[in-house]
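Have a look at the structure below before the remarks.
In our numbering, the protein residues as written are 843 to 1160.
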């Protein structure tokens, strides 16, 4: 009998509203995780199928028909590993920010996000009702609890899950970038892990979506709050996390910390690239003044798109 777990974090670049395309990414990533990485479970970001933030798309009834069709496609793929995928659920007239666990063609479990952020760029109380119950699944004899983003910023959901026997916390996220945000996340989850004596696996989406940029920077902390894994920022990838038979993450790859200037530049490049590509623009035209500001803009555009997709025009100086 196999002991321990191989978990894959699917740090994906998703497109808001492209439910079919996002489902394609889920299915392809799950197949790779099973066939190439021998995974037992793959975890995707918050609201995987719609992308984040879906905003008023959530008010369109037809969206939920498309989401149901996408979930059915994932089930029909019948991939023999646990797939944890985020999606919007409508139930008894209420909308929930939810996560499904699908394995070998069957819906195993459904979790409804409990803590809804309503500050800064987040407006979830406009769209969603709050869940109230933990959701635990058993994989290879280990008890895993699902949480979604804000659930770990409040103490209650992890405490509730641990009281029900959770040995490992899985956290699906769509957390935007700002300077030092990765440090804030790691510090908070380290504290939560120590207080509750439970490891936490944090998977974040990556990519630009209009004015928001998501950095990824997915990571794992053990029950002592020590960082055991960190994925690189600003890249779409599958990241392997091995867990022993007691639920402890086996220390492995930790991407190096990135200087603030480098992380800001990386966010700008990714934001420009995805804004152009996701809107279907063929390229950009930049007016150059000869100053450092337009020179920096040109450098970002070329790094984001390649020189062949950037036209530069010198503006008259007098």
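Using N, Cα and C, we set each Cβ at its ideal position, and we do this for glycine too.
Beta-bridge pairing by DSSP links residue 860 to no other residue. For residue 904, DSSP records no beta bridge to any residue.
Comparing alpha-carbon positions, the option among 1052, 1026, 1088 and 1009 lying closest to residue 1060 turns out to be 1026. For residue 1094, no pairing in a beta bridge is given by DSSP. Between the C-alpha atoms of residue 967 and residue 936 there is a straight-line separation of about 12 Å.
Residue 857 and residue 893 have their alpha carbons spaced roughly 5 Å apart.
Under DSSP, residue 948 shares a beta bridge with 945. In the structure shown, residue 1106 falls within a helical segment according to DSSP collapsed to helix, strand and coil. With contact defined as three or more Cβ pairs closer than 8 Å, the stretch 952-961 and the stretch 911-925 are not in contact. Between the alpha carbons of residue 1105 and residue 1117 lies a distance of about 18 Å. Within the same chain, Cβ atoms closer than 7 Å to the Cβ of residue 1074 are found at 1097, the five residues on either side in sequence being excluded.
Between residue 1014 and residue 991, the C-beta spacing is below 8 Å. Between residue 944 and residue 916, the C-beta spacing is below 8 Å. C-alpha of residue 1099 to C-alpha of residue 907: approximately 42 Å in a straight line. Our two residues, residue 1156 and residue 1131, have alpha carbons roughly 6 Å apart in a direct line. Residue 1153: not part of any alpha helix (DSSP H); member of the beta strand (DSSP E) spanning 1152-1156, first to last residue. Contact between residue 1102 and residue 1021 is confirmed by a C-beta separation of about 5 Å, below the 8 Å threshold.
DSSP places residue 1142 inside the alpha helix (DSSP H), whose first and last residues are 1134-1147.
Boundaries of the alpha helix (DSSP H) harbouring residue 999: 998-1005, taken from the DSSP string. In the assembly as shown, residue 902 is an exposed residue. Its beta-carbon has fewer than 16 other beta-carbons within 10 Å.
DSSP places residue 980 within a strand segment (E or B) once states are collapsed to three. By the C-beta density criterion, residue 999 is buried, having at least 16 other C-beta atoms within 10 angstroms.
Boundaries for residue 933: no alpha helix (DSSP H) harbours it, while the beta strand (DSSP E) harbouring it runs 924-933, taken from the DSSP string.
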